[in-house]
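Just so you know, the numbering used here puts 96 at position 20 of the sequence shown, and the rest follows in order with no gaps.
Even for Gly, the Cβ is constructed at its ideal location relative to N, Cα and C.
This one's a predicted model, so the numbers in the text were calculated from it and none came from an experiment.
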Amino acid sequence: MSSLTTDPNKTTSRITGSHTAEIPSLGTAKDASRSNRSSEIDHTHNPFSAVPKAVDTNRRDLIGIEHMPVELIRSLIERSNDHFAKLLTKTPLPAESLLKGRTVANLFFESSTRTRTSFELAEKRIGADYTSLTPAVSSLTKGESMLDTVRVLEAMKMDAIVVRHSSMGVPQFLAERLPAHVHVINAGDGAHEHPTQALLDGATMIEALGTLEGKHLAIVGDIRHSRVARSNMWLMKKLGARVTLVGPETLMPRNAAEVFGVEVQDSLDDVLGNADAIMLLRIQLERQGSGLFPTLEEFHHRYGITKARLGRNQPFILHPGPVNYGVEISSEVADSERSLILRQVKRGVAVRMAVLEWVFEK
């Protein structure tokens with residue numbers, strides 16, 4: 077089990093995900109990719125649930141939602157509202173200097189458009205300097221280990237590392253090996269967690285619904301391979317929402333109802349009539365083997381959202397992107413007035429500004 081350790085005499089804390097990062101093959105980027113076996117994960121047993129190392133209460137990292145206190149979740153969402161209001165204006169954004177003198181390194185070992193760009197914009201708009209490293213054109217291709225790369229960046233006086241990786245546990249692995257003044261923010265680790273995505277999704281839904289307390293969210297699609305689904309399940313439950321997972325059994329985590337405390341359905345039509353919001357997830361072909369469902373056309377027939385399927389039902393529609401039109405959603409629904417997809421994108425910058433502000437807070 078991982079832990080949240082706080083010292084009442086200190087204002088700092090360490091938020092960890094549900095694992096310790098005892099990862100056997102994180103030497104090179106190529107080695108790390110070999111350790112990603114998310115399609116084979118038995119979610120009734122977390123492979124990173126060993127007894128964690130002692131937690132340094134001087135650290136402040138954002139690793140996952142599962143063990144994050146609900147007070148901190150609410151605080152980050154509320155803190156993001158001020159930044160979001162500024163992003164809605166049509167006038168040039170005022171220069172911020174909250175993180176003046178701080179430098180952030182963005183390490184994305186997986187492809188990204190929304191998350192990487194929004195982190196870069198958040199860093200810039202809050203006054204930090206940043207650099208973004210692409211592993212394919214770094215010394216990782218020459219055999220340098222990921223940890224050595226990060227330590228080189230720390231030697232250049234990086235103050236925070238934003239990391240995305242295909243292997244679960246990488247953010248915590250780094251946090252346990254870096255000095256306390258270098259903060260680690262998880263931008264997605266394998267099929268484990270994507271905490272800033274869940275925070276922005278929660279903020280978007282609260283804006284649309286007023287509250288999450290007592291509301292019903294249906295998460296539809298490839299749940300088994302989705303870090304977005306996991307982080308959102310933890311966050312929505314903490315904020316009082318009812319969560320139903322919808323998808324074929326082959327794309328569902330084992331014992332999901334018991335493990336996550338949610339409902340599970342294989343029929344989308346049975347859920348549409350009472351869902352306040354529907355979050356659609358793409359099929360993550362890069363994380364799975366073959367044979368988990370017959371065809372994309374069959375998946376769309378059973379689980380795709382179209383105007384005809386919605387009928388008179390008017391739930392809000394969310395999608396973390398990228399969207400595969402004609403598979404999980406039609407373009408007509410994605411562009412409709414009930415779609416919050418672009419609102420999520422805008423919220424993403426504001427939430428990441430709030431997270432950056434929080435990790436550096438004295």
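Check your understanding: Between the Cα of F436 and the Cα atoms of P324, A236, F336 and L394, which residue gives the shortest distance?
Key -> The residue labelled residue 436 in the question sits at position 360 within the sequence shown. For F436, the closest C-alpha among the options P324, A236, F336 and L394 is that of A236.
Review point. Could you give the residue range of the alpha helix (DSSP H) that holds A284?
Key: On the sequence shown, residue 284 is found 208 positions in, with the first residue counted as 1. Start and end: P271 to L285.
Check your understanding: Whose CA, out of V340, D265, T179 and R178, lies closest to the CA of S187?
Key -> Walking along the sequence shown from the start, residue 187 turns up at place 111. Here the closest residue by C-alpha is D265.
Exercise for review: Closer than 7 Å by C-beta to M309: which residues in its own chain qualify, once you throw out the five before and the five after it? Chain order, please.
Suggested key: The sequence position of residue 309 within the sequence shown is 233, counting from 1. So the qualifying residues of the chain are V319, F336 and V338.
Check your understanding: Buried or exposed: where does G380 fall if 16 or more other Cβ atoms within 10 Å of its Cβ makes it buried?
Key -> As a working mapping, residue 380 is identified with position 304 in the sequence shown. Counting other Cβ atoms within 10 Å of its Cβ, G380 reaches 16 or more and is therefore classed as buried.
**Study point:** 6 Å Cβ shell around F293 - same chain, five flanking residues per side excluded
**Key:** Within the sequence shown, residue 293 is the residue found at index 217, counting from 1. Reading the sequence as shown, one finds Leu at residue 293 and not Phe. Here the set comprises M312, A317, V319 and A353.
Practice item. Give the single residue among G323, A256, R385 and D277 whose Cα lies nearest to the Cα of I149. Key: Taking the first residue of the sequence shown as 1, we reach residue 149 at position 73. D277 is the residue among G323, A256, R385 and D277 whose C-alpha sits nearest the C-alpha of I149.
Review point. Between T225 and the rest of its own chain, which residues show a CB-CB distance below 7 Å, the 5 nearest in sequence each way excluded?
Key: Counting from 1 along the sequence shown, the entry for residue 225 is found at position 149. Cβ neighbours of T225 beyond the five flanking positions: S214, S215 and L216.
Check your understanding: Y206 lies in the beta strand (DSSP E); which residues open and close that run?
Key -> The residue labelled residue 206 in the question sits at position 130 within the sequence shown. That run of the beta strand (DSSP E) goes D205 to L209.
Exercise for review: Note down, in chain order, each residue of its chain lying with its Cβ closer than 8 Å to the Cβ of R385, except the 5 sequence neighbours on either side.
Suggested key: Mapped onto the sequence shown, residue 385 falls at position 309. Taken in chain order, the residues that qualify are L344, D345 and L348.
Check your understanding: Do you know how far the Cα of G203 is from the Cα of A256?
Key -> The residue you call residue 256 lines up with position 180 of the sequence shown. The residue you call residue 203 lines up with position 127 of the sequence shown. Near 22 Å, if we compare the C-alpha coordinates of G203 and A256.
Exercise for review: May I have the straight-line CA-CA distance separating L394 from A251, to the nearest angstrom?
Suggested key: For the purposes of this step, residue 394 is identified with residue 318 of the sequence shown, where counting begins at 1. For the purposes of this step, residue 251 is identified with residue 175 of the sequence shown, where counting begins at 1. Their backbone Cα atoms lie some 31 Å apart in a straight line.
**Study point:** Same chain, Cβ closer than 7 Å to Q390, neighbours up to 5 away in sequence not counted
**Key:** Within the sequence shown, the letter at position 314 stands for residue 390. Cβ within range, chain order: R414.
Check your understanding: Are there 16 or more other CB atoms within 10 angstroms of the CB of A231, so buried, or fewer, so exposed?
Key -> The residue you call residue 231 lines up with position 155 of the sequence shown. Burial call: exposed.
Review point. When DSSP labels each residue in this structure, what does V226 get in the three-state scheme?
Key: Locating residue 226 in the sequence shown gives position 150, where the first residue counts as 1. DSSP places V226 in helix when its eight states are reduced to three.
Check your understanding: Where are the alpha helix (DSSP H) runs, 4 residues long or more, that stay fully inside the segment 313–392, in chain order?
Key -> 332–336, 345–348, 372–379 and 383–386
Exercise for review: Whole angstroms is fine: what's the gap from L432's alpha carbon to E374's?
Suggested key: Taking the first residue of the sequence shown as position 1, residue 432 is located at position 356. Taking the first residue of the sequence shown as position 1, residue 374 is located at position 298. Rounded to the nearest angstrom, the two C-alpha atoms are 42 Å apart.
Point to revise | Segment limits, beta strand (DSSP E) that includes H259 | key: Translated into positions along the sequence shown, residue 259 becomes position 183. H259 to D265 is the span of the beta strand (DSSP E), which, as asked, contains H259.
Practice item. Reducing DSSP to helix, strand and coil, say where S151 ends up. Key: Mapped onto the sequence shown, residue 151 falls at position 75. S151: helix per DSSP, three-state reduction.
Practice item. Go ahead and pull the three-state DSSP assignment for S187. Key: What you label residue 187 is simply residue 111 of the sequence shown in a count that begins at 1. The answer is coil: DSSP assigns S187 none of H, G, I, E or B.
Point to revise | Endpoints, the alpha helix (DSSP H) within which A430 is located | key: Taking the sequence shown and counting its residues from 1, one reaches residue 430 at position 354. It spans I417 to V435 - the alpha helix (DSSP H) in which A430 sits, taken as one unbroken run.
Review point. At which residues does the alpha helix (DSSP H) containing L250 begin and terminate?
Key: As a position in the sequence shown, residue 250 is number 174, starting the count at 1. Segment V246 to A251, the alpha helix (DSSP H) holding L250.
Check your understanding: What did DSSP end up calling A171 once you bin it into helix, strand or coil?
Key -> Against the sequence shown, residue 171 aligns to sequence position 95. In the structure shown, A171 sits in coil (DSSP, three-state: anything other than H, G, I, E or B).
Check your understanding: Quick check: the segment 173–182 against the segment 398–412, are there 3 or more CB pairs under 8 Å?
Key -> Flag = no, the segment 173–182 and the segment 398–412 do not touch.
**Study point:** DSSP state of V296 mapped onto helix, strand, coil
**Key:** Working through the sequence shown from its first residue, we reach residue 296 at position 220. It is a strand residue.
Point to revise | Supposed close pair I299, L357 - CB separation, criterion 8 Å | key: Counted from its first residue, the sequence shown places residue 299 at position 223. Counted from its first residue, the sequence shown places residue 357 at position 281. So it is a contact: roughly 7 Å between Cβ atoms.
**Study point:** Sequence-distant residues of the same chain with beta carbon closer than 7 Å to I282, five excluded per side
**Key:** Your numbering for residue 282 matches position 206 in the sequence shown. The residues are I153 and L288.
Exercise for review: May I ask you to report which of helix, strand or coil DSSP gives L164?
Suggested key: As a first step, residue 164 must be located in the sequence shown, where it is residue number 88. Three-state DSSP puts L164 in coil, outside helix and strand.
Review point. Got a sec? Which residues, its chain only, sit under 8 Å from K166 by beta carbon, not counting five neighbours each side?
Key: Taking the first residue of the sequence shown as 1, we reach residue 166 at position 90. Contacts found: none.
Check your understanding: In three-state terms, what does DSSP make of L311?
Key -> Residue 311 sits at position 235 when you count from the first residue of the sequence shown. Helix.
Check your understanding: In angstroms, rounded to a whole number, what distance separates the CA positions of S242 and A267?
Key -> For the purposes of this step, residue 242 is taken as residue 166 along the sequence shown, with counting starting at 1. For the purposes of this step, residue 267 is taken as residue 191 along the sequence shown, with counting starting at 1. So the two alpha carbons sit approximately 8 Å from each other.
Exercise for review: Locate the alpha helix (DSSP H) running through A410, then write down its first and last residues.
Suggested key: Translated into positions along the sequence shown, residue 410 becomes position 334. Looking at the DSSP string, the run of the alpha helix (DSSP H) that includes A410 is S407 to A410.
Exercise for review: Go ahead and label L102 buried or exposed: buried means 16 or more other beta carbons lie within 10 angstroms of its beta carbon, across all protein chains shown.
Suggested key: Sequence index remark: in the sequence shown, residue 102 carries index 26 (1-based). The predicted position of L102 is uncertain, since its pLDDT is 36 and thus under 50; a value taken from the coordinates is nonetheless stated next. With 16 or more Cβ atoms within 10 Å of its Cβ, L102 is classed as buried.
Point to revise | F185 beta carbon less than 7 Å from that of P211 | key: Taking the first residue of the sequence shown as position 1, residue 211 is located at position 135. Taking the first residue of the sequence shown as position 1, residue 185 is located at position 109. The answer is yes: Cβ separation under 7 Å.
**Study point:** R136 (DSSP reduced to helix, strand or coil)
**Key:** Sequence index remark: in the sequence shown, residue 136 carries index 60 (1-based). DSSP, read as helix, strand or coil, puts R136 in coil.
**Study point:** CB of T272 within 7 Å of CB of V146, strictly
**Key:** Reading the sequence shown from its first residue, position 196 is the one you call residue 272. Reading the sequence shown from its first residue, position 70 is the one you call residue 146. Contact: no.
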